[in-house]
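Engineer: In the working numbering, the protein residues as written are 112 to 244.
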Amino acid sequence: MLVEPSVLQSAPVGRGLLAFLVTFVVATLFYAVTLHLAATFFIGSVPTQRAATVAPAPAAVSILLGRYGLESVGFVSRGLGALIVIVATLVADALAISRVYDLDVVPTLVLVGLHFAFAAVLGFALANLFGLF
112 MLVEPSVLQS APVGRGLLAF LVTFVVATLF YAVTLHLAAT FFIGSVPTQR
162 AATVAPAPAA VSILLGRYGL ESVGFVSRGL GALIVIVATL VADALAISRV
212 YDLDVVPTLV LVGLHFAFAA VLGFALANLF GLF
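(1) Go to P218, then tell me how far its alpha helix (DSSP H) extends in each direction, as first and last residue.
(2) Can you tell me whether DSSP reads V202 as helix, strand or coil?
(3) Assuming A163 is part of the alpha helix (DSSP H), what are its boundary residues?
(4) Can you say whether S121 is buried or exposed, counting buried as having 16 or more other CB atoms within 10 angstroms of its CB?
(5) L132 to D215, Cα distance in whole Å?
(6) Hey, how far is the Cα of L175 from the Cα of V196?
If you want it as structure tokens, here you go:
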């Protein structure tokens with residue numbers, strides 16, 4: 112057997128491989144939609160494939176570092192952990208946007224800021240819609 116069956120089952124607290132993959136796909140879709148909206152607003156007409164190419168980078172960083180924003184780890188407090196996750200996600204987003212959209216530094220930073228704003232607004236709206244706040 113290639114993969115142990117228990118790896119594909121989510122643990123009681125939702126920490127299985129399947130839970131991780133579903134979270135990654137949902138986060139990637141969310142980042143792709145918000146980036147495409149921001150890029151269309153800032154650049155104009157752009158292909159959606161560019162946003163889909165960029166989206167896995169911030170999604171992976173935010174998911175892999177997400178636990179630092181949720182709990183105190185060593186010398187990292189909860190507030191500092193959230194700041195680390197946000198900064199690392201924005202850096203990954205900026206690096207991917209710069210490469211895929213072939214932008215200079217200033218336009219990249221503006222697009223990253225717009226992407227952050229669009230993601231925050233849509234994230235708060237969805238959280239309110241689903242009763243998370």
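Note that the Cβ used here is the ideal one computed from N, Cα and C, for glycine as well.
In this text, all values refer to a predicted model and were calculated from it rather than measured experimentally.
Structural biologist: Let's see:
(1) Within the sequence shown, numbered from 1, the residue matching residue 218 stands at position 107. Element bounds for P218: 216-240.
(2) Locating residue 202 in the sequence shown gives position 91, counting from the first residue. Note: V202 maps to helix in three-state DSSP.
(3) Translated into the one-based positions of the sequence shown, residue 163 becomes position 52. 159-165 is the extent of the alpha helix (DSSP H) around A163.
(4) Sequence index remark: in the sequence shown, residue 121 carries index 10 (1-based). Confidence is the limiting factor: at S121 the pLDDT is only 45, short of 50, which leaves the residue's position unreliable and the question unanswerable from this model.
(5) If you number the sequence shown from 1, residue 132 lands on position 21. If you number the sequence shown from 1, residue 215 lands on position 104. Straight-line Cα distance between these residues: approximately 33 Å.
(6) Locating residue 175 in the sequence shown gives position 64, where the first residue counts as 1. Locating residue 196 in the sequence shown gives position 85, where the first residue counts as 1. If I take the Cα positions, the gap works out to 9 Å.
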